[in-house]
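In the working numbering, the protein residues as written are 1297 to 1589. Even glycine gets a Cβ: it sits at the ideal position worked out from N, Cα and C. Bear in mind that the values here come from a model prediction, so they are computed numbers and not experimental data. The structure appears below as structure tokens.
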Amino acid sequence: MTASRPNIIDGKAFADRLAQRYAGEVAALKAKHGITPGLAVVLVGENPASQVYVRNKTNQTAVSGMRGIKHTLSASTTTQQLLELIAQLNADNEVDGILVQLPLPAHVDAPAILDAIAPEKDVDGFHYVNAGKLSVGRESLVPCTPLGCEMLIRDRVADLAGLNAVVLGRSNIVGKPMAQLLLRADCTVTMAHSKTRDLPAVCRSADILVAAVGRPQMVRGDWVKPGAVVIDVGINRVPAPEGKTRLVGDVNFDEAVRVAGAITPVPGGVGPMTVACLLGNTLTACRRRRGFA
Ligand code: NAP
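So this is what it looks like as structure tokens:
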């Protein structure tokens, strides 16, 4: 990867600057009001990818000066036990944000767990109250990944009004909130998915193309409109030489980078932004709940 090309978006550097800013805000909250924002992260089971994500999130929380409260539970934890923990965290005044790492084991009723998180502490923004508020334009907690994507897009495009945006993927955690954010920014938004006809042509209409499908390198260079901003949310592990593996996105980077006006690499693009936005959401939740908004 040619990291020096000006059209490559350095998500890591952007996220580091954001995290530094949030650390300063945490320090100010402490100094002025004696408050330390608290983020509770719940991990159930031993999914290796989830363990890495949780370690990353708790490390960053500590670096920012916030209080990280990690709950590691066995894979056999029941829905009822998890609901009891959520109720405890909802009632704990020192906890400003609650994050339950997904996926949960198959026997756990994941929707019931997400629904049980107090919406004002839902720093992942997955609760239907927050999803609904986002869609009707009310103040809410916005899912971290699309929030980070929006920041990267705005950093490259001063005025989004009237631009064609295509969001590839319609999941509740990425695609749908991403489309809502772009709509809120006055883009003309198309949501594409597995039943969309002539996907390459739909993608070629995009001034802003966000790919969140979970299909390694599916978006080819000739799907990209020259000059478009391409945000690659995908994280896919694929085989590499010598029995190793490597991470690739949903976009064929080597092809798309020759056409795009700006593009995020994988890794080093959207991923670090997700963690930085989690810190931002925890600060926001803390300020709102404690009356310092
Ligand atoms: P998801 O829930 O599996 O949703 C995938 C979406 O892509 C679905 O809407 C699906 O369409 C659509 N899709 C799948 N195959 C397609 C195809 N061949 N053509 C067109 N559309 C297709 O995935 P997700 O949770 O949104 O995650 C998407 C990717 O982003 C994954 O690689 C994930 O690891 C990554 N991710 C990264 C971050 C980060 O921090 N960077 C955060 C979250 C997710 P249907 O609805 O029609 O099935």
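Looking only at its own chain, which residues have a Cβ that is under 6 Å from the Cβ of D1306, when we skip the five neighbours before and after it?
-> none
Is the segment 1528-1537 touching the segment 1486-1497, taking contact as three or more C-beta pairs under 8 Å?
-> no
Could you check the C-alpha separation between T1357 and K1472 for me, to the nearest Å?
-> 27 Å
Find out if the Cβ-Cβ distance for the pair Q1384, V1340 is shorter than 9 Å.
-> no
Below 8 Å, can you find three or more Cβ-Cβ pairs linking the segment 1500-1510 to the segment 1518-1528?
-> yes
M1362: which of A1589, R1586, T1578 sits nearest, CA to CA?
-> T1578
The ligand NAP heavy atoms versus the CB of M1447: any closer than 8 Å?
-> no
If you run the structure through DSSP and keep just helix, strand and coil, what is M1569?
-> helix
How about A1508 and S1467: do their beta carbons lie closer than 9 Å?
-> yes
What three-state label does DSSP hand H1367 in the structure shown?
-> strand
Do you know offhand how far M1297's Cα is from A1387's?
-> Legend: pLDDT at M1297 = 48, less than 50; position of this residue unreliable, value from coordinates given subsequently. Cα to Cα, the separation comes out at about 48 Å.
Exposed or buried, E1435, counting other C-beta atoms within 10 Å across all chains shown (16 or more means buried)?
-> exposed
Counting only the same chain and skipping the five closest in sequence on each side, list residues whose C-beta sits under 6 Å from that of P1512.
-> N1532, V1534, V1544
Could you give the distance in angstroms between the alpha-carbon of L1437 and the alpha-carbon of E1380?
-> 23 Å
Quick one: residues in its chain with C-beta nearer than 8 Å to the C-beta of A1309, no 5 flanking neighbours on either side, listed in chain order?
-> none
Which residues in the same chain as G1433 place their Cβ atom closer than 6 Å to its Cβ, once the five residues preceding and following it in sequence are excluded?
-> none
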